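Chains as they are written, first to last, in the working numbering: chain A, -19 to 146; chain B, 43 to 436. Virtual Cβ for every residue (Gly too), placed ideally from N, Cα, C. These numbers come from a predicted model, not from an experiment. For reference, the structure discussed in these notes is given below.
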Amino acid sequence: MDLVLFLTFAFIAVACALNMSLQRHPVSSALSLIGVMVSLAVLYVLLGAEFIAAAQLVVYSGAIMVLFVFVIMLLNTGAEKLTKKAGLAHFLGFPLLVTLLAIASWVITNATSTMAPVKFGAFTKGGPREVGWELFTRYLLPFEVTSILILIAIAGAYRLANKEMD
Amino acid sequence: MDYLLVSIIKTLIVAPALLATLAYIVWVERKVIAHVQLRVGPYFVGPHGLLQPIADAVKLLTKEDFIPSGVNHFFYWAAPWLGLMFAVSGIAVIPFGPQVDIFGTKVNLGLADINIGLLWILGLAGMGVYGIALAGWSSNNKYSLIGAMRSSAQMISYELPMALALAAPLLLSNSLNLREVIDTQAGFVFGFIPNWNLFTGFQVIGFVLYMICAFAETNRIPFDLPEAENELVAGFHSEYSSMKFAAFFMAEYCNMIIVCSVATALFLGGWHPIVPQAIADFVPTLLFGGSAAVLFYHGMNNARPNDRYSFPVFGVIFAGLALLFLIPGLGPILNSLFWFLGKVGFLLFFFIWVRATLPRFRYDQLMKIAWLFLFPVALANLVLTAFGVTFFSK
């Protein structure tokens, strides 16, 4: 059952990711990205990380992508036109892609050869309580640094928006 | 295997019940608004218009499914069903009653009992925007697009204070599982004040904030800017007809039911009654029995000729309902369902009442309320609650 669900949603995630780069309309691409994020959330649930899955739904597909779609609509961008002038990409694109995938698979197989594969249902510390505990004890410094980073980003956005108005 | 079977049976009960409720809540809304405005509302299809929802459904199903020119076909088709799907999925984590024994099997009243119940609902609420945004964008109509933009901006803004308002009762209950949240609200303080988060958790401000945000999240008056009739024709669903239009309608009402259920679970103690248990067991019986008695009395002393026959029929139905609550095995289950659905029903009535009473906000007012009033107050409420929990939980 777990394996069937995993394969289904892994396939959906990959299909949506491909679709995202193949589509020419920004809204279609954005929605494919949402598909990727939702299927990733399902994969998190399958692995037992339910809080991360919920956060994925709430933050990424529920808030960030809504802003993406909102901005695309606000700018009212149409479908992109394919250009035929990218000669370099035409010749180098496919070999480069193959090289990249080869390097990635080599790194992954080498780096994870010593690790045990993840078993469905073996990880039980993915609830909100456990994640919160870890976040406020072991990872307190990175957590606080991230919050300050976000604060700086907000201040910067505010400054930029104010500059535009003046 | 047991689990699968029980889940299927529960789904088979909840899904038709939800659809029937969605149909009849429209009838209730039309009736209530009509009576607030001194009209009678739907009256001709069936007694007091009771068959009106069925007539509406037939009308919507048989109407021409019109597709305007220049729309983006895929998204135009997908948007209403996407919106409906996200709305209906929320019902899966709402607990309707406690764990009960049915033929020796322990059954949780409610579809799924997951540890991230509330986050699931928040996630779906965020995703629900896509139905509206895509509908407005793909319709190729400037009014639809304006409606969709308003809706996205409004939902993003109101999700913040809503989440903050919901966080305060979660602090009190120390869980994200709606069933556990309700379980912590059982019992009474001093024997008569119910131990709900609203009363003993001092969450009156949180409750009011949540209800305001709930109105905005469900696009209801006074926050129905996305479909403001006198500015935008019908906003994001101007170009929709037939079942696609009905899907938007159902999604809106389903969202209403879900936000009311969440308010009931987090603030109003879920299925725990407002009066002590010894009295509470007889409240439904008394209520339905009293209604039956009133109906019998007015049937005997009829004002209109038809009342002589129609009132006693409904009286018998109500008396039967009253007796159902007294059956030993069934009584406790129905009792908790009565209290939960009663609270949800009251909040739904409140939604309708507000719609009949208040005018619409202006758009700048809408944004000002969210960012300059609701957000700081919700934050202060959360901080105060956190301090309270730390001081008094020791």
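Residue i - DSSP class collapsed to helix/strand/coil
i             : result
residue 264/B : coil
residue 99/A  : coil
residue 374/B : helix
residue 236/B : strand
residue 231/B : strand
residue 117/A : helix
residue 225/B : helix
residue 98/B  : helix
residue 284/B : helix
residue 180/B : helix
residue 85/A  : helix
residue 86/B  : coil
residue 109/A : helix
residue 401/B : coil
residue 345/B : coil
residue 81/B  : coil
residue 163/B : helix
residue 427/B : helix
residue 134/A : helix
residue 225/A : Residue 225/A lies beyond the range of chain A shown here (-19 to 146); nothing can be said about it.
residue 155/B : coil
Other residues of its chain near residue i: CB distance less than 7 Å, five sequence neighbours each side excluded
i             : result
residue 288/B : 102
residue 115/A : 123
residue 65/B  : 95, 99
residue 108/A : 31
residue 231/B : 237, 242
residue 240/B : 246, 249, 309, 310
residue 217/B : 223
residue 121/B : 173, 176, 177, 180
residue 352/B : 89
residue 24/A  : 32, 33, 36
Of the listed residues the options, nearest to residue i (C-alpha basis)
i             : options                    : result
residue 408/B : 265/B, 339/B, 80/B         : 265/B
residue 449/B : 233/B, 322/B, 304/B        : Coverage of chain B is limited to positions 43 through 436, which leaves residue 449/B absent and any answer about it impossible.
residue 60/A  : 143/A, 80/A, 136/A, 6/A    : 6/A
residue 117/B : -3/A, 9/A, -17/A           : 9/A
residue 235/B : 314/B, 336/B, 396/B        : 314/B
residue 358/B : 308/B, 411/B, 334/B        : 334/B
residue 164/B : 205/B, 173/B, 193/B, 194/B : 205/B
residue 328/B : 180/B, 312/B, 361/B        : 361/B
residue 27/A  : -11/A, 0/A, -5/A, 51/A     : -11/A
residue 71/B  : 106/B, 291/B, 356/B, 338/B : 291/B
residue -4/A  : 4/A, 49/A, -19/A, 15/A     : 15/A
residue 244/B : 424/B, 45/B, 47/B, 62/B    : 424/B
residue 398/B : 346/B, 68/B, 211/B, 78/B   : 78/B
residue 307/B : 119/B, 285/B, 379/B, 325/B : 379/B
residue 195/B : -16/A, 45/A, 129/A, 110/A  : 45/A
N- and C-terminal bounds of the beta strand (DSSP E) containing residue i
i             : result
residue 141/B : 137 to 144
residue 152/B : 147 to 152
Limits of the alpha helix (DSSP H) - the one that residue i falls within
i             : result
residue 185/B : 184 to 215
residue 272/B : 271 to 274
residue 359/B : 349 to 366
residue 415/B : Counting along the chain, residue 415/B falls outside any alpha helix (DSSP H), and DSSP gives it neither H nor E.
residue -1/A  : -18 to 2
residue 109/B : Run containing residue 109/B: none; DSSP gives neither H nor E here.
residue 8/A   : 6 to 27
residue 49/B  : 44 to 78
residue 40/A  : Run containing residue 40/A: none; DSSP gives neither H nor E here.
residue 59/A  : Counting along the chain, residue 59/A falls outside any alpha helix (DSSP H), and DSSP gives it neither H nor E.
residue 122/B : 115 to 131
residue 252/B : 246 to 259
residue 31/A  : 30 to 35
6 Å CB neighbourhood of residue i in its chain, flanking five on each side removed
i             : result
residue 331/B : 364
residue 277/B : 189, 268, 269
residue 7/B   : The shown model of chain B, from 43 to 436, leaves out residue 7/B, and the question about it has no answer.
residue 207/B : 248, 251, 252, 420
residue 114/B : 180
residue 275/B : 185
residue 192/B : 267, 268
residue 214/B : 239, 243
residue 12/A  : -4, -1, 0
Same chain, Cβ closer than 8 Å to residue i, five either side skipped, listed in chain order
i             : result
residue 60/B  : 130, 133, 296, 299
residue 153/B : 49, 52, 53, 56, 133, 134, 135, 136
residue 53/A  : 7
residue 282/B : 122, 177, 181, 290
Cβ-heavy atom distance, residue i to the ligand HEM, below 6 Å
i             : result
residue 139/A : The ligand content of the structure shown is nil, which means the ligand HEM is not present either.
Which ranges does the alpha helix (DSSP H) cover as unbroken runs of at least 4 residues, wholly within the segment 292 to 338 of chain B, from first to last along the chain? 319 to 322
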